[in-house]
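To start, the structure itself, in structure tokens.
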Amino acid sequence: MRGLVLSLWAFHLFAISSCHSVILNVQGIAGSPASVGFQVDPAVARNCITINPCQQDTTIIRDAEINANVVNKCGRTQLKGNIDVGENIQIAISKNAVTQVKAGTELAVTIHQVNADGAGPYVCDVDQTGNSGEKFDQLNITNNVPGGNGLSLVKTQAFNMTVKMPDKLSCTGGSTGNICTVRCRNASVAGPFGGCFVVQQVDTKQTVTTPASVKTGSSLKSVLDQVKKNQADFQEAVKANKAAGSSEAQQNLAAVNALLANGNPSGTANPAAKPTGQNSPAPANNAGGKGNNANKGNNGSNANKGNNAGNGNNGNNAGQARNRVKREYTA
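Here the sequence shown stands for residues -19 to -1, 1 to 312, numbered as in mature numbering (1 follows the signal peptide of the UniProt record, and there is no 0).
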């Protein structure tokens, strides 16, 4: 019976997450490399709308799942589960696939709308530490993807929106010490959908982090609450990892599914925003432990503001389960 309940819950989860968008390209300073959304798979066709394979690399970013420590701050995909932010930063650096910015740089962000629920408008914010999740600064967007509440009749179409970096910018993340992580998502109740990508600041000195300089920390209550959650979920996560075999991506996907099926938030909780022509406040604080730079973290306070304009232009490893996510954040 337990297995049947798990299967039915997983079916419900993926049935409601059936419409998507992906971040295909991000261009900052002219002549610098382009960035791409975390876990976006170039092998996935962009001229179709079917759940598999056309929607498998779309990122789902739900506050409820972040707060429950099921996923990191950049969410998950149906293909590979939780997105390990620190690892994806390093993958982008190793591939020289990080676009460059200065304070105030305008990014050209290409979003491919798979079908109805991948519409705009989008809200974007930036973690200037790259991966602590300690604070998200909301970014101004112009030429936003058209739509209302994440819905439109558009499908298989790319849009370019312009995202402006803050005038006061200090990217300190990644092994290079000058990386920021940008997160964009819409307000689809089946999502929110969107993704994360990295940028490299070139008008600042590279930050060298020491243990003493890491200022992130957790309250006693958040630590005790997290321990209680981890203990409740541990056996299900272990079983899921064992059943998935040796592939890290398969283990990760199975573990996330098991945690969601174990009574954690899923479905339509906490959309990214309620767009009305201006960016709403960015997503709420994420409970749990914290880290810095290459450490993982999913705590963030988003309270910054920005303006959305409604015109559109056409244009693998992930972390392991909830327990590993929090351990990496608080180590």
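All residues carry an ideal CB built from backbone N, CA and C; glycine is no exception.
Original post:
From Q216 to N222, what distance separates their C-alpha atoms?
Top reply: Reading the sequence shown from its first residue, position 235 is the one you call residue 216. Reading the sequence shown from its first residue, position 241 is the one you call residue 222. CA-to-CA, the gap between Q216 and N222 works out to about 10 Å.
Subject >> Start-end ranges of the beta strand (DSSP E) lying completely within the region 46 to 77, minimum 3 residues >> reply: With a minimum length of 3 residues, no continuous beta strand (DSSP E) run stays inside the region 46 to 77.
Subject >> Stretch pair the region 85 to 100 + the region 121 to 133: three plus CB contacts closer than 8 Å >> reply: With a cut-off of 8 Å on Cβ pairs, the region 85 to 100 is in contact with the region 121 to 133, counting three or more such pairs.
Subject >> Proximity test, Cβ basis, 9 Å: K149 and chain D >> reply: Among the chains of the structure shown, chain D does not appear; only one protein chain is present.
Original post:
Where does F117 sit, in a helix, a strand or coil, going by DSSP?
Top reply: Sequence index remark: in the sequence shown, residue 117 carries index 136 (1-based). Assigned with DSSP and collapsed to three states, F117 falls in strand.
Original post:
Nearest-angstrom Cα distance between D38 and C177?
Top reply: To locate residue 38, count along the sequence shown from 1; it is residue 57. To locate residue 177, count along the sequence shown from 1; it is residue 196. Straight across, the Cα-Cα distance linking D38 with C177 is about 12 Å.
Original post:
Leaving out five residues before and five after D22 in sequence, what residues of the same chain have Cβ atoms less than 8 Å from its Cβ?
Top reply: Taking the first residue of the sequence shown as position 1, residue 22 is located at position 41. Non-local C-beta neighbours of D22 in its own chain, meaning closer than 8 Å and more than five positions away in sequence, comprise Q37, D38 and L60, ordered along the chain.
**OP:** Taking 8 Å as the threshold, find out whether the region 24 to 44 comes into contact with the region 66 to 85 through three or more Cβ pairs.
**Re:** No: the two stretches stay apart, fewer than three of their Cβ pairs being nearer than 8 Å.
Original post:
Using a Cβ-Cβ cut-off of 6 Å (strictly less than) and excluding sequence neighbours within five positions of T137, which residues of its own chain qualify?
Top reply: Within the sequence shown, numbered from 1, the residue matching residue 137 stands at position 156. So the list reads N28, once near-sequence residues are dropped.
Original post:
Counting Cβ pairs, one atom from each stretch, are 3 or more of them under 8 Å apart for the region 43 to 51 and the region 152 to 163?
Top reply: Under the 8 Å Cβ criterion, the region 43 to 51 does not count as touching the region 152 to 163, having fewer than three qualifying pairs.
Original post:
Within the chosen definition, does the region 87 to 96 reach the region 140 to 158 through at least 3 CB pairs nearer than 8 Å?
Top reply: Result yes; three or more Cβ-Cβ pairs closer than 8 Å.
Original post:
When you compare only the Cα positions, how much space is there between Q8 and A213?
Top reply: As a working mapping, residue 8 is identified with position 27 in the sequence shown. As a working mapping, residue 213 is identified with position 232 in the sequence shown. When only Cα atoms are considered, Q8 and A213 end up about 43 Å apart.
**OP:** Kindly identify the DSSP beta-bridge partner or partners of V90.
**Re:** Counted from its first residue, the sequence shown places residue 90 at position 109. Under DSSP, V90 forms a beta bridge with V7 and M142.
Subject >> Exposure label - K209; buried when at least 16 CB within 10 Å >> reply: For the purposes of this step, residue 209 is taken as residue 228 along the sequence shown, with counting starting at 1. Exposed, because fewer than 16 other Cβ atoms sit within 10 Å of the Cβ of K209.
Original post:
Quick one: is V189 buried, meaning 16 or more other Cβ sit within 10 Å of its Cβ, or exposed?
Top reply: Walking along the sequence shown from the start, residue 189 turns up at place 208. That one is exposed.
Original post:
How many Å lie between A198 and G114 at the Cα?
Top reply: Residue mapping note: residue 198 aligns to position 217 of the sequence shown, counting from 1. Residue mapping note: residue 114 aligns to position 133 of the sequence shown, counting from 1. Checking the sequence, you will find Gly at residue 198 rather than Ala. For G198 and G114, the gap between their C-alpha atoms comes out near 11 Å.
Original post:
What are the boundary residues of the beta strand (DSSP E) that G176 is part of?
Top reply: As a working note, residue 176 is residue 195 in the sequence shown. Element bounds for G176: F174 to Q182.
Original post:
Using a Cβ-Cβ cut-off of 7 Å (strictly less than) and excluding sequence neighbours within five positions of A84, which residues of its own chain qualify?
Top reply: Mapped onto the sequence shown, residue 84 falls at position 103. Excluding five sequence positions before and after A84, the CB atoms of its chain that fall closer than 7 Å to its own CB belong to M146, P147, D148, K149, L150 and D184, given in chain order.
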